[in-house]
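Student: Just dropping this structure here.
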Amino acid sequence: MPSLFSIFGDREVTRYWGHPVLRDLSAATALFEEIRARFADRILFQWGVALLDTDVVIGTCTLAALDMENRRAELGFALARPNWRRGYMSEALPILLQFAFCEMQLHRVWADTDPRNSPSIRVLERLGFRREGLLREHYWVQGEPQDGLVYGLLGSEWQQKRDLVRLERVKTVVRGTNR
């Protein structure tokens, strides 16, 4: 729980989100239990991201809004501030995308982000996501309406991109077991 709290309890990490920041460890525990229940029901797949030399979770990557009938899901990701700008998400997200397109047989993965969130935009574009549109005043963040940029990646595009991605420093932790 301390790892989740260090990520989602940091106002800088969550500044572009419409969700409130976690206030304490009990809120992190409640979030973990919610994630675990939704994972068990197969309506959310959220992995912890840890450095290879430690089991401390430094971030998360998520497939949410699963729509198996239309073979699509939403991508989400967050990283603890001390680990920003080190390329970790560019290394971790391909594992999730490989799972989405090859194991789950999804056709499309999409993401949305605040237009001011340049680091997330760079990660998405580096992974082959294409900007598809602008959702005007789509979210309320800190009491103000904010736009959202929508990005999408098709399975066929991922097949072409995946061979260009290198994985070195990051592993995923799924339900307490390393993959």
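In our numbering, the protein residues as written are 13 to 191.
Positions of the beta carbon are idealized from the N, C-alpha and C atoms, including for glycine.
Computed from a predicted structure; not experimentally measured.
Look at the Cβ atom of residue 87, then the Cβ atom of residue 123, and state whether they are nearer than 7 Å.
Tutor: A contact, by the Cβ cut-off of 7 Å.
Student: Taking only runs that begin and end inside the segment 85–156, name each unbroken beta strand (DSSP E) of 3 or more residues, in chain order.
Tutor: The qualifying runs are 120–125, 142–153.
Student: Do residue 25 and residue 7 come within 7 Å of each other at the CB atom, strictly closer than that value?
Tutor: Past the edges of the chain, shown from 13 to 191, lies residue 7, and the structure says nothing about it.
Student: When the cut-off is 7 Å and only beta carbons count, does residue 150 lie next to chain D?
Tutor: Absent here is chain D; the protein component of the structure consists of one chain.
Student: What does a CB cutoff of less than 7 Å around residue 72 pick up in its chain, not counting 5 residues either side in sequence?
Tutor: Excluding positions up to five away in sequence, the list reads 19, 58, 59, 60, 61, 89, 90.
Student: Measuring straight from C-alpha to C-alpha, what distance separates residue 4 and residue 69?
Tutor: Residue 4 cannot be examined here, being either before or after the span of the chain that is shown, 13 to 191.
Student: Where DSSP assigns a beta bridge to residue 163, which residues make up the other side?
Tutor: In the DSSP output, where bridge partners are listed per residue, residue 163 has 123, 143.
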